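Residue numbers (our numbering): 959 to 1303. We treat Cβ as the ideally placed atom computed from N, Cα and C, and that holds for glycine. It should be emphasised that the depicted structure is a prediction, and the values quoted were computed from it without experimental measurement. What follows is a short report on a single structure.
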Amino acid sequence: MEHYDFVAIGDTVTDAFIRLTEAHIYTEEKVEQLCLVNGTKIPYESVTVVPAVGNSANAAVSAARLGLKSALVSDLGKDSYGDDCIASLTKDAVSTAFIKRHEGLKTNYHYVLWFRDERTILIKHEEYPYALPDIGAPTWIYFSSVGENSLPYHDAIGQYCATHPEVKLAFQPGTFQIKLGSERLAPLYQHCEVFFCNTDEARIILGGSYRSRTSLGKSDFKNQDFQDGAALARAIAALGPKIAVITDGPRGAYCYDSHTSESFFMPPYPDPKPPFERTGAGDAFSSTFTATLALGKSTKEALLWAPINSMSVVQKIGAQEGLLTRPVLEQFLTQAPVEYAPRAA
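Below, the structure is given as structure tokens:
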């Protein structure tokens, strides 16, 4: 069996980006809502179809472009969308040896309502018969979003981690996995080398509010100790992950490394121009951070690399077009301003 540096596990999807021209943003209690007039015809500017995306597929492509030997474990239907996904992954040098095609099932297809620089995604996960193939012992596995019928799959991956302690696990939970919480997924949390989520997701995992800090007053939080990003990272690390990374959108990211007992805040890399479309920024950060570690670099170096790919991705349509090769990413790093550096938090 071939040895891989990076094996990503999770659902793959085709995204159809529908760029809206006539919509409204309605803000209630600082929460933005995309509003369309019901019962009318809504014009749109364009549709852009992007195959082979999703948290794990994006991570596999990110790792491959940074020079790692990368593979994807996923499920697809035996349809034209599945064919397009295989072709796209192959073009990006991601091995498809562990992808299963299912007769009678569809490839995941999502609709992305794109208005200004933000997007609202209409999602549907097909119910695949998840099963972990024999992946050998890669250097890293990267596990992320799967469908809600996948609880036994999580148990199988947890068992794999227990019997392969030499394999490092990166876990970027999707919506269903976040709602499950840390107790049900304890084997994953306890074997996790690096864990990723955003500030709102961290509060859900830790038992806090589902709503963002921008929409709530200080007294509204159920867990007031978890308001600060650095505290969130330390609290997540206490659940088992050796390194916890908490992203905070365009404000930056927080990291706690239990190997060194250090906490960091990492500012974003300066945008060369306003973001064009924000899909995949979080995936770019998480996958690049993990790939940097897989290349033998330190946590501080991973914090320097990760925001650069996030910055690049939001300048393009979709989650993968802006993912950089290692030479290009390193060139951006040489051009970074002095203040672009991890800070003690």
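query	result
Assigned exposure category for residue 1302 - 16 Cβ within 10 Å defines buried	exposed
Residue 1182 burial status per 10 Å Cβ neighbour count (16 or more: buried)	Reliability fails at residue 1182, whose pLDDT of 44 lies under 50, so the model's placement of it is uncertain and no value is given.
CB-CB length for residue 1044 against residue 1014, believed under 8 Å	Rounded, the Cβ-Cβ distance is 15 Å, inconsistent with contact.
Unbroken beta strand (DSSP E) run spanning residue 959, endpoints	Residue 959 -> no beta strand (DSSP E), and no H or E assigned at all.
DSSP state of residue 1246 mapped onto helix, strand, coil	helix
Reference residue 1257, options 1274, 1235, 1299, closest by Cα	1299
Residue nearest to residue 1151 in terms of C-alpha spacing, selected from 1248, 985, 1291	1248
Close beta carbons around residue 981, own chain, < 7 Å, minus the five adjacent residues each side	992, 993, 994, 1073
N-terminal and C-terminal residue of the alpha helix (DSSP H) that residue 1039 is part of	1038-1049
Whether residue 1080 touches residue 1101 by CB criterion (9 Å)	no
Span separating the alpha-carbon of residue 1004 from that of residue 1270	22 Å
Residue 1009 and residue 1039 closer than 9 Å at C-beta	yes
Exposure of residue 1077, with buried meaning 16 or more beta-carbon neighbours within 10 Å	buried
Beta-bridge partners of residue 1119, as assigned by DSSP	None, per the DSSP bridge assignment.
Spatially closest choice to residue 1241 from 1202, 1018, 990, by CA coordinates	1018
Local Cβ density within 10 Å of residue 1209, reported as buried at 16 or more and exposed below that	exposed
DSSP beta-bridge partners of residue 1203	1154, 1213
Straight-line Cα distance separating residue 1196 from residue 1215	11 Å
Per-residue DSSP class, three states only, for residue 996	coil
Pairwise C-alpha distance: residue 974 and residue 962	31 Å
Length of the line joining the Cα atoms of residue 1089 and residue 1218	36 Å
Neighbourhood of residue 1032 by C-beta, 6 Å cutoff - its chain only, sequence neighbours within 5 removed	970, 1057
Residue 1009 - DSSP class collapsed to helix/strand/coil	strand
Cβ-based neighbour list, residue 1143, same chain, cut-off 7 Å, excluding 5 preceding and 5 following	1112, 1135
Residue 1156 classed as buried or exposed, judged by whether at least 16 other C-beta atoms fall within 10 angstroms	buried
Cβ pair residue 1129, residue 1199 closer than 9 Å	yes
Contact set for residue 1292: own chain, Cβ-Cβ below 6 Å, skip 5 residues either direction	none
Contacts around residue 1234, its chain only, beta-carbon distance under 8 Å, and the 5 residues preceding and following it disregarded	1075, 1272, 1273, 1274, 1275
Under 9 Å between C-beta atoms of residue 1094 and residue 960	yes
Residue 1122 and residue 1105 closer than 9 Å at C-beta	no
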